[in-house]
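1 is the number of the first residue of the sequence shown in full-length UniProt numbering; add one for each residue after it.
Glycine is no exception: its CB is placed at the ideal position from the N, C-alpha and C atoms.
Input: a single structure, listed below in structure tokens.
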Amino acid sequence: MIYIAQGISGLCKLPCTLCKGCCDIFKNCCAAIGEFWEPVINNPLGNYVMGTWVGMIIAGAAAIWAVGILGDCTDDTEKNQLMGFCLVDIIFAVIHSGMAYYMQRQIIKGLGGKDFKEMSAKEIQEQAGQILLYDVPVCLYSFLACAAFGVNCWGLTLPTCAGVSNQPHTGPAAVMLVWGLLAGGYLFCWYCCQCCQGTVAKGKGGKGPSAPPPEAVGASA
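What follows is the structure, given as structure tokens:
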């Protein structure tokens, strides 16, 4: 009987054992994923880089979907124009993604590869300023980003193609415009915060004029 009871007990514990095994597997997977993304997330502009990649994946997927839908367009002129616009948005998505990572790497490189926890706000602010002012790819990218925003504003004005019931090209255009507004606002606020934190830290670290030593009561002058 004891062997029968042990067998029944083992069967009852089987779901728990399987569940524990699955938890261990997912725990290890999550740890591996975390280690993979850690160099991006745990460094300056980590949220900006990840947000840009997610936004550009959505924009690129929307543009590819739009190209597929526009295949039913019966007007070749409008079809080529709208497809060209979608293909340009795919190129913009690749450039935005690459430049977001590039800017982060340049900041880290300028700080000598320090760990993020060892970086002061003043150091990050000064290095970011150097990149914005003197890094040629970033300077060129700033003009390209403005041009991309203008192109997508123009894209929203394009007419519907004959034979297509909706306007699929407006999807990637809308995603690009929303990302442009959010990314621009985020970078502006991020840089201002670094400047403010660096100024406060500098003020705390500075030494004011030393006060004269106190005189003992009753001491002779």
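Check each candidate in the options and name the one with the smallest Cα separation from residue i.
i	options	result
C139	G51, Y102, G112, C196	Y102
M119	N28, P44, I33	P44
V40	L70, R105, G150, H169	R105
G110	V88, I95, Q130, Y186	Q130
residue 291	G155, Q127, I107	Within the shown structure, residues of the chain are numbered from 1 to 221, placing residue 291 beyond reach of any answer.
P168	V67, Y186, C195	V67
T160	D72, E123, A145, C196	D72
I124	C195, C29, N28, I33	C195
A173	L181, A183, C153	C153
I108	G185, Y186, N42, C29	N42
I64	G46, A93, D76	A93
Residue i and residue j: beta carbons closer than 8 Å?
i	j	result
A100	Y134	no
S97	M50	no
L70	L158	no
I95	G60	no
F149	L177	yes
E78	A162	yes
V88	V164	no
residue 251	A31	Because the chain is modelled from 1 through 221, residue 251 falls outside the range shown and cannot be assessed.
Q197	A121	yes
I25	V175	no
What did DSSP end up calling residue i once you bin it into helix, strand or coil?
i	result
C161	coil
G84	helix
P39	helix
S120	coil
L187	helix
D75	coil
Q125	helix
N166	coil
D89	helix
L140	helix
residue 229	Any question about residue 229 goes unanswered here, given that the chain covers just 1 to 221.
L177	helix
S220	Residue placement at S220 cannot be trusted, given a pLDDT of 48 that sits under 50; the coordinates are not used to answer.
L70	helix
G206	With a pLDDT of only 47 at G206, under the threshold of 50, the placement of this residue in the model should not be trusted, and no figure is reported.
L111	coil
L156	coil
Would residue i be called buried (16 or more neighbouring beta carbons within 10 Å of its own) or exposed?
i	result
W179	buried
T74	exposed
G189	Contrary to the premise, residue 189 reads as Cys rather than Gly in this sequence. Result: exposed.
V54	exposed
T52	buried
E38	exposed
A128	buried
C86	buried
I33	exposed
A147	exposed
G206	Residue confidence for G206 is low, a pLDDT of 47 falling below 50, so the modelled location carries little weight and cannot support an answer.
Does the CB of residue i have a neighbour CB from chain C at under 8 Å?
i	result
F188	Reference to chain C is not applicable here, since this structure consists of a single protein chain.
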